[in-house]
Structure formats: C-alpha cells, structure tokens
Amino acid sequence: MARIGVFVCHCGENIGRTVDCPEVSRRAALLRDVFYSVDYKYMCSDPGQNMIKDAIREHGLTGVVVASCSPLMHEKTFRRAVTEAGMNPFLCEIANIREHCSWVHEDRKAATDKALDLIRIMVEKVKHNVALESIRIPVTKKALVIGGGIAGIQAALDIADGGKEVILVEKSPSIGGHMAQLSETFPTLDCSQCILTPKMVSANTHKNIKLYTYSEVEKVSGYIGNFQVTIRKKARYIDESVCTGCGICQEKCPVKKIPSEFNEGLGMRKAIYVPFPQAVPNKPVIDREHCTKFINGKCGACEKLCGPKAIRFDQTDSFITEDIGAIVVATGYDLYTIDKKTDNTLKGYGEYGYGKYPDVVSGLQFERLVSASGPTYGELKRPSDGKTPETIVFIQCVGSRDAAKGVSYCSKICCMYTAKHTMLYKHKVHNGKAFVFYMDIRAGGKNYDEFVRRAIEEDGAVYLRGRVSKISQEDGKLVVMGADTLSGAQVEIKADMVVLATAIAAQPDIVPLAQKLGVGYDQYHFLSEAHPKLRPVETNSAGIFLAGACQAPKDIPEAVAQASAAASKVLGLFSSLELEREPYVAKVNENTCSGCEFCLMACPYNAIERREIKNRRGEVIKTVSYVNEGKCQGCGTCVSICRSKSIDLMGFTDEQVYSQINAMFV
Amino acid sequence: MAYGYYPGCSLHSTAKEYGMSLMAVCRKLSIELNEVEDWNCCGATPAHTTKEELGIALAYSNLLNASRQGLEEVLAPCAACYNRLKTAKYALNHSELLQKRMDEITGGKVEHEVKVFNILEFFRDIYGQDNLKAAILKPLAGLNVACYYGCLLVRPSKVVNFDDPEDPQSMDELIRLLGGTSVNWSCKTECCGGSHAIPETDIVLELGKRIFSSAQSAGAKMIAVACPLCQANLDMRQHQINEKYKTDFKMPVVYITQLMGLALGISPVELGLNSHFVSTGELVKQF
Amino acid sequence: MQLKLDNNVSQFAEEIESLSGLKVYDCYQCGKCSAGCPVGQFTEESPTRLIRLIQLNQKEAVLNSRTPYLCATCSTCSERCPMNIDVAKIMETVRILASREHVKSPVKEVAAFSGAFLDSVKSNGRLFEFGMTISFNLRNLTPLKDAMLGPVMLQKGKLALWPRSIKNKERIKRIFEKSSYFEPRAESTGKKEH
C-alpha cells in the first residue's frame with residue numbers, strides 16, 4: 043500500500059503569484075494514496091526540508107512528490123533530504139510547477155488546476171517507483187586541455203601542480219596563443235611575453251604535462267571519467283626527438299615571402315619556420331603549401347644543412363589515443379573578419395578600406411607593430427612606407443555592437459586595449475597625437491577606469507564620442523570622417539595610421555570540435571556554459587569544462603581566473619575514487635530477449651553487448667543483449683526498438699510512463 | 015537582341031548626349047531598344063519626399079506600361095530612374111497592402127515581372143562582356159578615368175543589389191575592358207548633391223569640389239558617370255567651383271556610353287561629346 | 294535648452310514608427326550617419342540628434358528642422374547604419390509628415406523646387422525642365438538664379454523650350470489625386486515590444 047506525501051512550494055512569489063498553493067495542497071490531499079500534503083513558502087530551505095523529513099518519519103511515507111521548480115534546480119536537494127530520513131532517493135520525484143506552470147501562465151485558476159494535474163501525474167509515477175542504487179564508475183585521473191593559449195596553459199599548470207596528469211593539445215606549432223602576440227598588457231602595462239613565456243616553459247617541462255603541439259583532437263568518445271580521445275599529430279616534417287632547434291634550416295630556407303601568422307601578416311616567414319623566437323617547443327615545422335620540395339621536388343636545402351639530420355619529408359600525420367577523465371576546452375578566439383567578404387560582396391567594411399589601405403590595421407596588428415619581438419623590433423613604423431605616424435586614429439567597436447555588418451555583442455576588451463594602445467603610442471612617439479572614436483567606454487574592473495583616465499589625462503589621448511563613417515586616402519594621408527555626438531559635429535581628421543578595434547569572434551573551426559565533444563554553442567559559436575551565473579565553467583556535458591575566450595570575449599585576468607576555476611573542478615572530480623551517476627540505464631529481461639540484436643545496432647553509445655547464456659554443461663543455449671551500465675546514457679532508443687518488449691529504462695519504466703499518461707485523463 | 019528602354023526625362027533634354035551615345039552604341043552592337051510606350055516621369059526625389067505613395071505610383075505606372083507591352087527586361091540608363099523603379103519593385107515585393115493600393119491608384123496590375131537594369135548591369139550581365147570586347151576597335155589606351163558611381167546606382171544596396179556599395183567595381187571593369195585605366199580613388203560613391211543641384215547651390219559646390227580634388231589627386235584625367243544628375247551637376251557647376259574655391263579643375267565629365275562609343279569607333283559628334291560645358295577636346299583629339 | 298518629459302515620451306517615436314515601419318528606438322546614437330552625411334556641414338541638427346529628438350518626443354522641433362529638407366537622399370546613412378535603420382527614410386517620413394500637418398518648410402528653396410518639379414510632372418506627365426526652372430525661380434523669388442546657364446544649355450540643345458507631354462495624362466492625374474501621404478502598413482510592423 044503506497045503512502046505518498048505531497049509538498050507544494052510557493053517559491054516565494056514565483057509560484058505563489060500564479061498558482062494558489064494552499065488550494066493545490068488541499069486538493070492534492072484528496073488524491074488516492076496521498077497521505078500527507080502541505081504547502082510552504084520555500085520548500086528548499088532548511089525548515090522546508092525538515093518538513094519533508096519529519097513527514098516521512100511521522101507518517102511512514104513510501105514516496106514523496108515535491109511540487110516546485112525544475113528538477114534541474116533542486117532534485118538533488120530534495121533527494122538528499124529524503125535520504126537523510128531513511129528513504130531511497132529515487133522514491134522522491136519533482137512535479138515542476140514553476141517553469142512548466144506558473145512562469146508560463148497568467149490565468150490563476152487554470153494554472154492552479156494545471157499544477158494539480160502535474161502533481162497527480164507525478165503521484166502516479168512515484169507509486170510505481172522502485173528503490174534504485176546509484177551506479178559507481180571509475181575515474182581516469184588524467185585531463186585533456188584543448189588549446190595552448192594563456193587559459194589552456196593556466197588550466198594545465200594548475201591541474202599538473204595538483205598532482206594529476208595533463209595532455210595539452212595545441213593546433214598551431216607553438217603554445218602561447220594570442221597573448222604571445224601582445225606587446226604590453228592592461229591595466230599595468232607589463233610586458234606580455236615577460237609574464238607569459240615562463241608559463242610556456244613550465245607547461246613544456248612540467249613532469250605531469252604531456253604537450254602535443256601542431257595537433258588537433260580528432261575523435262572523442264566515452265563519458266565523464268572515461269573518455270577516449272584520439273589526437274591527430276600533424277606532420278611537422280621534422281623529427282622532434284632529433285631536432286636541436288638550432289635554426290639553421292630556417293635561416294637557409296630560400297622561400298622567404300610568406301606572410302607570418304604570428305605577425306598578423308605584417309612580417310614574413312620562411313617555408314620552414316618557428317613561429318616566433320620564444321616559441322615552445324622551439325622546433326620548426328615545414329609549411330607544405332609553400333615548400334619548394336613539396337611543390338616540385340627541388341630544393342631540400344634544409345635537409346642538406348641540418349646537422350642532426352632531423353628533416354623528414356616523408357613524415358605523415360600520426361594518431362595517439364589517450365584515456366582521459368576530464369576535458370578543459372580553452373580554444374580561445376579569433377578576430378572578426380573586417381575586410382570585404384568573399385562570400386558576399388555587398389558586406390564587410392568597405393568604408394574603412396581595411397585591406398585596401400595598408401596603414402589601416404587591426405588592433406592585433408598594432409600590437410605587433412609596437413612589440414619588441416615584432417616586425418619592426420618595437421619601433422613604431424607604419425606599414426606603407428615605414429614612416430613614424432604623427433597622428434593615429436583609433437576606432438572602437440568595429441564589428442562589435444553592429445547588427446548590420448558585424449555582431450550584436452560587445453567584445454568587452456577593446457575599450458581597454460585601445461586606451462593601452464594610445465599610451466603605448468605616446469610612450470614611443472612623444473609628439474604623436476592619438477584620437478579615439480568610441481561609443482561608450484566600458485572599463486569595469488579593478489583599476490580599469492583609472493587606466494582609461496590616465497590615457498586621457500596624462501597621455502593626451504583625445505576621445506571623440508561617435509562612430510566613423512568613412513576612411514579615404516588623400517595625398518598620403520588617411521582622411522577619417524567621423525562624428526562627435528557630444529558636440530553634434532562632424533569631425534575630419536587627417537591621420538597617418540588608423541587602428542581598428544575589431545570584434546572578437548569565435549574560432550572559425552570551433553563548431554566541429556563542439557559537436558565532437560557534445561558541447562552546446564550559441565548563435566555566435568561561443569561555447570555554452572551550464573549556467574550563466576552558478577556553473578560558469580562547466581558545460582552541459584559532464585566532465586567537460588570551459589576556460590577563456592571560447593566561452594565569450596574575455597581579457598587575460600578573466601581567462602586566467604576561469605582556467606583556474608576549471609582546473610579546480612577537474613581536481614575536484616579527480617579527488618574521488620569513483621563517480622556516482624544516476625541509475626537511469628536500460629535493463630534487459632534475459633528471459634524474454636530473443637537475441638535479435640536490433641538494440642545493438644540502434645544504441646548510439648555502443649553500450650549494448652552480447653551475452654551468452656549457457657546451461658550447466660557449458661553449452662550456449664541462447665545469446666541475449668546486455669547493457670553496459672557505464673556506457674548507457676539512458677536515452678531509451680533500445681527500449682523503443684525492442685520487438686519483444688524485453689528492455690526497460692530504470693526510473694522510466696513502461697509501467698511508470700503509462701501510469702503517468704493514464705493520470706492525465708482522470 | 016531587343017530590350018525595353020526607359021529613357022526618363024533627362025535623356026531627352028539635359029542629358030541628351032547620354033541618350034545619343036547610348037543609341038549610337040546600341041546601333042553599333044545591333045541591340046534593339048523598344049521604348050516603354052507613353053512612359054511618364056519616375057517622380058525622382060520630389061515625389062517620394064512629398065508623398066510616399068506618389069513616389070511609388072509614378073514609378074509603378076511605367077512598370078505597368080512595360081508589362082502591358084510585353085517587355086520583360088527594361089534598361090533604365092538614368093541612375094535616378096533606375097533607383098526609383100527598383101525601389102518601387104522592392105517596396106511592392108515587401109508589402110501586399112501596398113500592392114493593393116497601387117492597383118487602386120493606377121487601376122492596373124503588372125501581369126509579369128519586369129526586370130530593371132542599369133547601364134552597367136545591362137552590358138555586364140545582359141549583353142555580356144565577351145561580346146562587347148569583341149566589338150572594340152579603338153581601345154581607350156592611356157586614358158586615366160575616375161569611375162564615379164554616385165549614390166543612386168549602388169544605394170540602398172538591399173534595393174539595387176548589384177555592386178559593392180562602398181567600393182563598386184562594375185564600371186571600373188568596363189573601363190578596363192575598353193582598354194582604359196581606372197584610377198583607385200576615394201569618392202566613387204560620395205554624393206554630389208545632385209538632388210540639390212538647383213535649390214541649394216552652395217552644398218553642391220562643396221561636394222563637387224571634394225570629388226574633383228580626389229579624382230585629380232588620384233591621377234584621373236576625366237570622370238566617367240552613369241547618371242544624368244551627376245553629370246549635369248559636375249559638368250555645369252565645375253566653372254562655379256573653380257570660381258568659388260580658386261581651383262583650376264578642367265575635368266571632363268563624360269557618360270560611360272560616350273567612352274564605350276569611342277572605343278567602338280563611333281565619332282565624337284555622334285556621341286554628343288561636343289555638348290559638354292567642360293571641353294572634351296583633349297579627349298576627343300585622341301580619336 | 295530644457296526638455297520636459299513625461300510618460301508620453303515615446304508618443305512621437307511611435308507615430309514615426311507606425312508611419313515608416315522603422316524602429317526608432319533601435320538607434321543607440323553612435324553617430325555614424327552624421328559622420329558620413331554629405332550635407333552635414335550645412336545642417337544644424339545631425340541625423341543622430343534628429344533621431345534623438347524623435348526618441349524624446351520633440352515633434353515640433355523635428356518638424357521644423359532644416360535637416361530633412363537638406364537631406365540629399367543619398368542613403369549613405371542607411372547603408373552604413375550598424376543597426377540597420379533606414380535613416381534616409383526617417384528624413385523622408387519627417388518631411389512628408391510635416392507636409393501633411395501643413396508645417397511650413399524651413400528651407401523654402403527645396404520646397405519651391407519640389408513644388409515646381411511636381412507641377413511640371415502633374416501637367417505634362419514628364420518633367421519640362423525649362424518651365425520647371427522658371428517656375429522654381431518665380432516661387433523662390435530668385436528670377437535670375439543660374440540665368441547664365443540657361444542660354445548655354447539652350448545653345449547645346451539641352452533645354453527644350455516647349456513641353457512634350459505624354460498621351461495618357463488622365464492616369465497621371467489619377468495618380469496625383471489618389472496617392473496618400475504614406476503607404477499603408479500593418480499594425481505590427483515597426484512596433485517593438487518595450
């Protein structure tokens with residue numbers, strides 16, 4: 043005989059405003075097999091939970107229905123409460139009368155009726171619930187970090203320092219990411235490379251970190267604690283174990299005029315190259331597209347001159363498979379494309395002439411032009427003729443906050459780095475004048491607004507509130523036509539250089555990776571966190587975490603903070619021997635299973651295996667399906683495909699579901 | 015090849031050399047143009063800035079005549095007419111309510127789609143660049159031309175939808191095809207103030223000065239246009255600009271069809287090159 | 294200058310929105326339209342400021358502004374607006390609304406020109422430029438404006454002295470009579486839930 047308790051939560055005003063909770067509670071008490079019913083302002087609070095515990099003990103309840111918010115929110119809370127009162131947690135169910143009822147309805151009477159319906163349905167389910175035990179699964183204590191920028195490096199170092207193994211995968215030839223390209227960083231103006239390179243070296247030498255550069259994640263399978271990851275190690279065409287990084291190959295390579303990715307196209311590199319002098323690892327790669335040896339078989343200068351004989355023209359991509367317990371995605375960002383787009387000639391920023399006028403550069407290009415490791419060795423010279431610019435116009439929000447041609451969001455870091463640019467400029471060119479066109483100055487952060495004020499007050503940057511309509515070229519000058527909306531006037535400035543603060547965009551190849559990982563992404567292809575406030579570094583895929591700008595535009599402090607947060611989540615996961623997971627898995631009735639193996643084919647997780655049933659003499663009588671509980675995700679595909687109705691989903695058995703459906707028509 | 019032709023008011027008067035040169039070019043290339051019967055003024059700026067429906071209805075009335083005549087493709091050489099016809103089509107495609115109103119106002123309905131082309135589209139997409147290239151007799155060698163598109167050919171891009179609104183290329187391609195050189199300059203699509211040519215002369219002079227100095231500093235010897243308003247404005251007012259700003263621009267402003275005509279071996283007089291305010295003598299001398 | 298605002302602050306913007314089908318409150322005052330406006334140096338209110346005045350219910354100031362009349366309808370603003378607002382259309386809407394409400398045009402030359410132009414089209418079906426220019430100069434009380442250009446144009450065969458009318462003038466008459474100030478728009482367009 044079932045004895046069910048119903049607990050109706052007001053959720054403050056959230057439910058109570060639309061649903062008459064006391065009335066619901068009164069009517070729920072009249073339902074069959076409901077022995078106890080009560081309503082309360084905050085059922086999730088301590089007194090609320092105690093009401094549930096006391097009722098279980100006093101009334102000998104066999105099942106509990108909490109009518110409250112989504113089970114995603116507080117199912118765990120209430121199940122823990124009933125456990126404390128000695129009840130199996132899986133005998134407690136949530137009727138969602140907030141998201142599914144009060145939040146989406148206005149009519150109080152209809153909402154009250156619907157709340158009762160939802161409760162009745164859950165009461166019927168709970169009556170058929172059985173006690174279940176959580177499944178325990180082992181955890182592989184090795185993490186994968188995807189992306190070797192500052193976020194990935196920080197996450198890897200934190201996990202490694204916590205004593206756990208890390209595989210760090212970076213797609214380009216060196217770790218360091220965009221931070222390695224920056225000259226100085228706000229709001230302290232410390233040298234980016236000086237604070238980054240020690241971390242890069244640590245990541246390479248740490249005993250717990252295995253570094254795969256020029257590598258990409260090829261395949262991911264498995265689940266939290268038990269991922270199998272295949273990594274494609276792209277052919278570098280050198281033997282890294284032999285190469286000493288002496289640099290003679292790069293020096294002697296005759297193919298010179300390839301725009302350097304690291305210098306944002308402002309400098310040139312060779313066909314065999316180390317992206318920048320401080321690269322980690324300091325081992326070159328051969329760019330197959332441009333290498334003469336690969337194009338027509340001639341040359342081979344590097345091979346001839348290499349002392350340790352490390353060149354391997356016949357090298358192919360190799361694949362490594364690793365068992366992984368947790369994954370941190372730290373793939374970073376890319377700049378929004380601002381030149382004329384090839385896919386649609388009518389779009390793009392033709393009015394700014396980026397790509398047409400060489401002295402119109404992006405923010406990252408400017409970083410290279412003022413960086414000591416840049417193409418001009420830190421001396422600011424404009425690209426067209428090498429002259430020192432006496433006037434620079436900086437334009438913020440290029441691509442950002444632009445629904446027509448760019449993205450609607452704010453890229454967050456541009457206000458700060460533009461202020462920084464004006465300072466770096468002033469410090470290098472004392473008689474130079476910096477003009478900044480801005481829409482709003484967003485400088486929220488410790489010492490951030492002070493930093494922008496410094497640019498204006500001490501370094502004389504002139505801030506103009508408005509956008510720029512057009513940049514044209516006249517007599518060797520860039521004519522910038524802008525507006526200053528504060529004075530209501532048009533502004534024309536003849537500049538030597540223009541720096542566009544281009545929007546931050548998601549990595550162009552992030553979607554296939556997100557799909558491999560089963561991680562959600564938004565309309566702009568930024569990866570989705572599990573909860574914007576309370577679970578900012580987790581994803582909805584258990585065991586996969588986010589760090590840095592792959593989730594949203596971020597500056598360095600934020601990216602580092604998020605990386606350390608993700609690392610602590612990983613270490614927390616790795617601190618337990620086993621993981622508990624809900625026992626919502628498929629179960630085969632071996633008596634009726636005919637061994638047709640349809641379920642084997644249907645299962646998307648490869649969780650169903652064959653099992654032979656033998657008699658006493660060891661002869662096989664029949665073959666049946668068997669569900670690997672570790673792999674089963676409880677999707678129910680096998681249940682619906684089974685012809686003999688031999689499979690049921692624990693927690694969602696046919697009996698439970700049908701009784702719920704029946705309850706709808708009372 | 016026969017196509018519909020909507021000359022608009024200018025090509026019969028202030029822009030008569032545009033009409034003349036177009037006709038001469040078409041004769042040379044055996045293109046037959048059938049004028050839209052009893053066409054009326056497209057309404058230009060005054061109509062649509064006075065009454066929204068008037069602006070659409072005057073343009074629509076011409077599409078109606080073209081459709082009754084069985085014309086499917088209509089060439090509108092005047093950029094302003096082209097823009098108004100395209101705007102009417104765009105507005106009607108986006109509003110059934112407006113279509114109903116136009117049926118009421120004009121008492122008719124367009125039976126089939128009438129496609130409207132500007133002069134550049136016409137020779138690029140309809141006549142074809144290869145055909146044109148084959149007919150060239152005297153390439154425009156050594157001619158430095160600033161291609162001036164103005165506003166109405168390329169904007170609003172969602173309405174006209176034929177070339178990049180910031181850095182259009184179709185006229186430049188055409189000039190290069192004719193053997194000339196198109197200079198890279200900044201004022202291709204800057205407004206010349208054509209709609210204020212008569213009422214607000216000061217504005218027009220200022221805008222014209224900017225355009226001439228940009229073309230000149232880019233090394234252009236002439237400006238090519240595909241719009242009667244731009245031509246009239248820049249040609250007629252050049253003298254006043256020189257007076258007001260103490261400049262010395264002597265820059266012929268010629269229609270693209272006049273340059274095509276020269277390349278096809280048509281005589282300058284037949285192309286109306288003698289009816290410009292700024293002398294085209296230097297240009298004509300070479301042909 | 295002081296603006297007195299009350300709960301009806303969005304009234305004029307809503308009127309403009311329902312007449313034009315555009316979203317006035319999408320404008321976040323970035324100034325890009327004003328930056329590239331070819332007549333910017335000749336106007337008092339930039340397009341940005343004019344839209345702001347619409348957002349703040351300043352109907353009288355807007356309808357009496359010179360800016361919509363000096364607008365060259367070049368659409369540079371609309372083309373570059375980061376919020377996809379057809380700014381040129383807003384200028385047009387203000388002009389038409391002012392005309393509907395019989396607000397006298399603050400730029401008499403432009404109004405005189407429009408009037409002369411449309412008179413010519415109304416009576417001939419096509420523009421008769423010579424007649425229109427004379428009519429404009431008379432309306433504008435500047436009988437000799439551009440007088441030196443006339444003879445040259447006549448000499449170059451660019452001005453006809455007599456109008457050439459179309460055959461079916463009835464249809465033009467009908468168009469002028471029946472056309473409304475604004476095209477009809479469904480209730481929902483242009484309105485945004487605030």
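Residue numbers (my numbering), protein chains in the order written: chain C, 43 to 708; chain L, 15 to 301; chain G, 294 to 487. The beta carbon of each residue, even a glycine, is placed where N, CA and C say it ideally should be. None of the values given here were measured: they were computed from a predicted structure.
Residue burial classification, residue i (beta-carbon count within 10 angstroms, cutoff 16)
i                      : result
residue 620 of chain C : exposed
residue 337 of chain G : exposed
residue 577 of chain C : exposed
residue 525 of chain C : buried
residue 52 of chain C  : buried
residue 325 of chain C : buried
residue 700 of chain C : exposed
residue 706 of chain C : exposed
residue 455 of chain G : exposed
residue 55 of chain C  : exposed
Integer-rounded CB distance, given that residue j should sit under 8 Å from residue i
i                      : j                      : result
residue 124 of chain C : residue 131 of chain C : 6 Å
residue 63 of chain L  : residue 407 of chain G : 7 Å
residue 356 of chain G : residue 380 of chain G : About 17 Å; that fails the 8 Å criterion.
residue 170 of chain L : residue 372 of chain G : 6 Å
C-beta neighbour in chain C for residue i, strict 7 Å
i                      : result
residue 200 of chain L : yes
residue 449 of chain G : no
residue 322 of chain G : yes
Pair within 7 Å by beta-carbon distance, residue i and residue j
i                      : j                      : result
residue 295 of chain C : residue 314 of chain C : yes
residue 104 of chain C : residue 44 of chain C  : yes
residue 137 of chain L : residue 146 of chain L : yes
residue 127 of chain C : residue 160 of chain C : no
residue 151 of chain L : residue 275 of chain L : no
residue 143 of chain C : residue 153 of chain C : yes
residue 251 of chain C : residue 208 of chain C : yes
Any chain G beta carbon closer than 7 Å to residue i
i                      : result
residue 23 of chain L  : yes
residue 129 of chain C : no
residue 161 of chain L : no
residue 449 of chain C : no
residue 527 of chain C : yes
residue 445 of chain C : yes
residue 484 of chain C : no
residue 705 of chain C : no
CB contact check: residue i to chain L, cutoff 7 Å
i                      : result
residue 514 of chain C : yes
residue 476 of chain G : yes
residue 713 of chain C : A question about residue 713 of chain C goes unanswered here, because the residues of chain C that appear run from 43 up to 708.
residue 538 of chain C : no
residue 399 of chain G : no
residue 355 of chain G : no
residue 367 of chain G : yes
residue 517 of chain C : yes
residue 327 of chain G : no
residue 403 of chain G : yes
- Task: Using a Cβ-Cβ cut-off of less than 8 Å, give me the residues of the stretch 457-472 of chain G that come near chain L, in sequence order.
- Result: Here the close residues are 457, 459, 460, 461, 464, 465, 467, 468, 469, 471 and 472.
- Return the residues of the stretch 389-404 of chain C that lie within a Cβ-Cβ distance of less than 8 Å from chain G, sorted by chain order. Residues of the stretch 389-404 of chain C with a C-beta atom less than 8 Å from some C-beta of chain G are 393, listed in chain order.
- Task: Mind checking the stretch 48-74 of chain L against chain G and listing, in chain order, the residues whose C-beta falls within less than 8 Å of any C-beta there?
- Result: Residues of the stretch 48-74 of chain L whose Cβ lies closer than 8 Å to any Cβ of chain G, in chain order: 52, 53, 54, 55, 57, 58, 59, 60, 61, 62, 63, 64, 65, 66, 67, 68, 70, 71 and 72.
- Message: What are the residues in the stretch 405-422 of chain G lying within 9 Å of chain L by C-beta distance?
- Response: Residues 405, 406, 407, 408, 409, 410, 411, 413, 414, 417, 418, 419, 420, 421 and 422.
- Message: Counting only Cβ-Cβ distances shorter than 8 Å, please list the residues of the stretch 373-396 of chain G near chain C, keeping chain order.
- Response: Listed in sequence order: 373, 374, 375, 376 and 377.
- Message: Which residues of the stretch 288-300 of chain L have a Cβ closer than 9 Å to any Cβ of chain G? Give them in chain order.
- Response: Under the 9 Å Cβ criterion, the stretch 288-300 of chain L contributes 288, 289, 290 and 291.
- When Cβ atoms are compared, which residues of the stretch 332-354 of chain G fall closer than 8 Å to chain D? The question asks about chain D, but that chain is absent: this structure's protein chains are C, L and G.
- Message: Counting only Cβ-Cβ distances shorter than 9 Å, please list the residues of the stretch 117-139 of chain L near chain C, keeping chain order.
- Response: Within the stretch 117-139 of chain L, contact with chain C at the beta-carbon level (separation under 9 Å) is assigned to no residue.
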